[in-house]
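113 is the number of the first residue of the sequence shown in the working numbering; add one for each residue after it. Even glycine gets a Cβ: it sits at the ideal position worked out from N, Cα and C. Notes to accompany the following structure.
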Amino acid sequence: MPATPALPALPAAATPGGAARGGGAPSEPGAQARPDLLGLGPGQLRAVLGDLIDRPFRAEQIFLALHERGVREFAEMTELHKDLRGRLAERFRIGWPEIAARAQSADGTCKFLLRLHDGASIEAVDIPDRDRRTLCISSQAGCALACTFCVTGYWGAGRNLSAGEIVSQVLAIRADRQMPAAGLRLVFMGMGEPLLNLDGLRPALDILARSISLRRITVSTAGVIPGIEEMASWERRPNLAVSLHAPDDARRSRVMPVNRSYPLADLLAVLRRYPLERGRKITFEYLLIRGFNDALTDADQLVKRLSGLQAKVNLIPINPDPVLGAAMAPPTDAAVAAFQQRLIQRGMTVTLRRRRGDDVSAACGQLRAFARDPRGRRSGGTSSA
Ligand code: SAH
């Protein structure tokens, strides 16, 4: 364990029954003060609904209506008595986000700017590919880790998303794009650090895993060791991806301040012990930044560091952004290919993340940045929903 102090925790989403915070305009008076039912599994629903329901199976019925049918209003739960529907609507809410903006790319990628009940905004991305479809979702509204290459980090800390707010990103996008859950993949690579929000993440995974296999869900972390250890103790786990981005502590700490709390040797030691199912690997994301970490000697060092791990490397040429400055530029295609080749020659399993949706500003955090420019410039790159 590192000697440095633990990272600051972000505040949680407004708790059920708590007062709404400023920023969002509630659609009905008092509506935001009601507890959201979307983050609760059937057992928890049964407990929360208590005397309201006459039979225990009603909780399962309500769960299926919320998560399989995707109902947005209690009035749509016609399998329940009108009376019960009315009482549910008086006491609870179904916390879907509002789609504030969409940015559709020519390659099919679509970024969504989602507005939460307290006015906080997050982003999620639908990434259709030839034979698969991936949703990239957020775990926090903002991020405290301040990685220097990340636009979300530039915008600073926000708050943890509740389990309901995590799950409802999937519901809202599936409904908007009319897509079934079958075959869908989920990656927690949107805004935030999922392992600093285990209270939201874990119940959300329990709910999501009922319709999407955990083998198709990937949680990406900047390397928060206590969170990785906690995940290692779970009976059922999603896939794990770790953002590495540099092969040594000096450089990693420069771009990822979290490395000062959880340095590479400690992080990799924990990952060497991480329980993996047969044939499974940990994904290591490696951003390629021109002149910073793209030398062939860096590829060699990376392979050495990952020895003894069931690892695959996902190379990601950095998405540049005006707020990041000119130093954050991707290498040339030739340099990316040479780096990839070197890793392959040394026996590493490597994938190269194709650039997707870059005509609609696809880098992490960009859509929100466009929509909330503090300098008052007009938003660009997004269209109103
Ligand atoms: N906090 C988690 C998950 C969110 S970031 C993590 O760090 O893994 C998801 C991925 O997007 C990370 O690998 C992150 O390094 C990457 N990313 C951030 N900014 C980027 C940029 N400008 N271009 C490309 N990828 C970026």
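Handout entry: Beta-ladder partner(s) of residue 442, from DSSP
Key = For the purposes of this step, residue 442 is taken as residue 330 along the sequence shown, with counting starting at 1. Answer is none; residue 442 lacks a bridge partner.
Practice task
Find the nearest neighbour of residue 219 within the set 457, 293, 463, 245, judged by alpha-carbon distance.
Solution key: Translated into positions along the sequence shown, residue 219 becomes position 107. Distance from the Cα of residue 219 is smallest, within the candidate group 457, 293, 463, 245, for 245.
Practice task
Consider the Cβ of residue 329: report whether some Cβ of chain D lies at a distance smaller than 8 Å.
Solution key: Although the question refers to chain D, the structure presented lacks it and comprises just one protein chain.
Problem - Segments assigned beta strand (DSSP E), at least 3 residues, entirely inside the stretch 218–287 - result: The beta strand (DSSP E) runs of length 3 or more contained entirely in the stretch 218–287 are, from start to end of the chain, 222–227, 233–240, 245–248.
Problem - Reference residue 178, options 280, 297, 376, closest by Cα - result: Position 66 of the sequence shown holds residue 178. The candidate whose alpha carbon is nearest that of residue 178 is 280.
Exercise for the section: Less than 8 Å between the CB atoms is what I'm expecting for residue 255 and residue 305, so what's the real figure, rounded? Expected result: Numbered from its first residue, the sequence shown carries residue 255 at position 143. Numbered from its first residue, the sequence shown carries residue 305 at position 193. Correct: roughly 6 Å between the Cβ atoms.
Practice task
Would you check whether the ligand SAH has a heavy atom nearer than 7 Å to the C-beta of residue 246?
Solution key: The residue you call residue 246 lines up with position 134 of the sequence shown. Residue 246 Cβ: outside cutoff for every heavy atom of the ligand SAH.
Handout entry: Pair within 8 Å by beta-carbon distance, residue 377 and residue 367
Key = On the sequence shown, residue 377 is found 265 positions in, with the first residue counted as 1. On the sequence shown, residue 367 is found 255 positions in, with the first residue counted as 1. No. Outside cutoff.
Practice task
Would you identify the three-state DSSP class for residue 216, choosing helix, strand or coil?
Solution key: Position 104 of the sequence shown, counting from 1, holds the residue named residue 216. DSSP, read as helix, strand or coil, puts residue 216 in strand.
Problem - Residues near residue 200 by beta carbon distance below 6 Å, same chain, minus five either side - result: Your numbering for residue 200 matches position 88 in the sequence shown. Excluding sequence neighbours, residue 200 sits near 186.
Exercise for the section: Would you identify the three-state DSSP class for residue 323, choosing helix, strand or coil? Expected result: Locating residue 323 in the sequence shown gives position 211, counting from the first residue. Of the three classes helix, strand and coil, the one that applies to residue 323 here is coil, per DSSP.
Handout entry: Bridge-paired residues (DSSP) for residue 351
Key = Your numbering for residue 351 matches position 239 in the sequence shown. Answer is 330.
Handout entry: Those residues which DSSP pairs with residue 416 across a bridge
Key = Residue 416 sits at position 304 when you count from the first residue of the sequence shown. DSSP lists no partner for residue 416.
Exercise for the section: Using 7 Å as the cut-off, classify the Cβ of residue 261 as near or not near the heavy atoms of the ligand FMN, replying yes or no. Expected result: Among the ligands present in this structure, namely the ligand SAH, the ligand FMN is not found.
Problem - residue 397 beta carbon near the ligand SAH (any heavy atom closer than 7 Å) - result: As a working mapping, residue 397 is identified with position 285 in the sequence shown. Residue 397 Cβ: within cutoff of the ligand SAH.
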